[in-house]
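Using this note's numbering, the letters of the sequence shown correspond one by one to residues 3 to 225.
For glycine and all other residues, C-beta sits at the position ideal for the given N, C-alpha and C.
Only a predicted model underlies this, so the values are computations on that prediction, with no experimental measurement involved.
I have placed the structure first, in the form of structure tokens, so that the comments after it can refer back to it.
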Amino acid sequence: MLTGSAKAGPVVFSSASATSSAEAPSARRGVVVLATAGTPAEVAWPIAQAVYGDASLRPKIGDPEARALAGETPEKGAPGAHSTVRELAELRLQVKGDDAASRAILKEIGRRTGARAVALVSIGEGGAPEVRVWDAADDQVGATRHRSEASGWAPLVGVLRTRYAPPPAPTPDPAKPPEKKGGTFLQNPWFWGALGAAAAAGVAVWALTRNDDAPSPVIIQWR
């Protein structure tokens, strides 16, 4: 169990925990949501729920790792509060924004989680939460600041899906109906062989039953 006042949500993560990943950024999967230093979990976790609610953006981490990155503090001795979770929580506290030191930490978090990007949640002007996206492929934090709209965080999820969701699996070609062996009965040599045999048998019967002594039929011609 993790401490923190953020409400739990019905998000199902991969059963695999975050591990050290040597995958190239382009071969990674999903987006992790991170609360920058000073951003409470109550602000970051609803955004994490919106992002992780899209299966195509879900990273290869477990629920404890996701909560630690979103700002919740792992409780010692609680199930799932292993060293990896605590290390991620400590790394998160060092991410402050777009400075070089923060980008180095983000690169390490991206490597450990196998994520293609990190959504950085911070408190913007006026006290409203905002999100910037660090991309693992170019090691840069985007300049765009995403904010909640009338539809909540759906626009942010749409942007992330366009950029980071894996391409759809190719649709297999429809199966062709099995070809009929032998074609139609008129194309079947067995049919013609049987027909020829029947014709030959008919001629033989006619020849045997014919009576040569029988009078020829009388043909009447009208004039």
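> What are the partner residues of Ala-102, as DSSP defines its beta bridges?
Replying inline: Within the sequence shown, numbered from 1, the residue matching residue 102 stands at position 100. Residue pairing by DSSP places Ala-102 in no beta bridge whatsoever.
>> Looking only at its chain, what residues have a beta carbon closer than 8 Å to the beta carbon of Lys-109, apart from the 5 residues adjacent to it on each side?
In response: Locating residue 109 in the sequence shown gives position 107, where the first residue counts as 1. Ala-138 and Asp-141.
>> For Leu-95, list the residues DSSP reports as bridge partners.
In response: On the sequence shown, position 93 is the one that residue 95 refers to. In DSSP, Leu-95 forms no bridge with anything.
> Can you tell me the Cα-Cα spacing of Trp-47 and Ala-102, whole angstroms?
Replying inline: The residue you call residue 47 lines up with position 45 of the sequence shown. The residue you call residue 102 lines up with position 100 of the sequence shown. Cα to Cα, the separation comes out at about 25 Å.
> Where does Asp-65 fall in DSSP's three states?
Replying inline: The count along the sequence shown starts at 1 and reaches residue 65 at position 63. In this structure, Asp-65 counts as helix in the three-state DSSP scheme.
>> Among Val-33, Ala-37 and Gly-116, whose alpha-carbon lies nearest the alpha-carbon of Pro-55?
In response: As a working note, residue 55 is residue 53 in the sequence shown. Here the sequence assigns Gly to residue 55, which means Pro is not the residue at that position. Checking every option, the nearest Cα to that of Gly-55 belongs to Val-33.
> Where does Glu-127 land, buried or exposed, given buried means 16+ other C-beta within 10 angstroms?
Replying inline: Counting from 1 along the sequence shown, the entry for residue 127 is found at position 125. Per the 10 Å Cβ criterion, exposed.
> For Ala-163, which option in Ile-107, Val-53 and Ser-150 has the closest C-alpha, if you only look at C-alpha atoms?
Replying inline: Counted from its first residue, the sequence shown places residue 163 at position 161. It should be noted that the sequence gives Arg, not Ala, for residue 163. Nearest C-alpha to Arg-163: Val-53.
> Out of Thr-115, Leu-59, Trp-155 and Thr-38, which has the shortest C-alpha to C-alpha gap to Glu-67?
Replying inline: Within the sequence shown, numbered from 1, the residue matching residue 67 stands at position 65. Per the Cα distances, Thr-115.
>> Out of Leu-90, Ala-72 and Ser-124, which one is the CA nearest neighbour of Leu-36?
In response: Mapped onto the sequence shown, residue 36 falls at position 34. When only C-alpha atoms are compared, the closest one is Ala-72.
> Does the Cβ of Pro-76 have 16 or more other Cβ atoms within 10 Å, making it buried, or fewer, making it exposed?
Replying inline: Numbered from 1 along the sequence shown, position 74 holds the residue referred to as residue 76. Flag for Pro-76 reads buried.
> Among the residues of its own chain, which have a CB less than 7 Å from the CB of Thr-41, if the five just before and after it don't count?
Replying inline: The count along the sequence shown starts at 1 and reaches residue 41 at position 39. Result list for Thr-41: Gly-73, Val-123, Ser-124 and Ile-125, in chain order.
> Secondary structure at Ala-29, three-state DSSP: helix, strand or coil?
Replying inline: Taking the first residue of the sequence shown as 1, we reach residue 29 at position 27. Helix at Ala-29.
>> Run through the DSSP bridge pairs and tell me what Ser-2 is partnered with.
In response: Outside the shown range of the chain, which is 3 to 225, sits residue 2, and nothing can be said about it.
> What do you get for Thr-229, buried or exposed, if any count of 16 or more other CB atoms within 10 angstroms of its CB means buried?
Replying inline: In the structure displayed, the chain extends from 3 to 225; residue 229 sits before or after that span and is not available.
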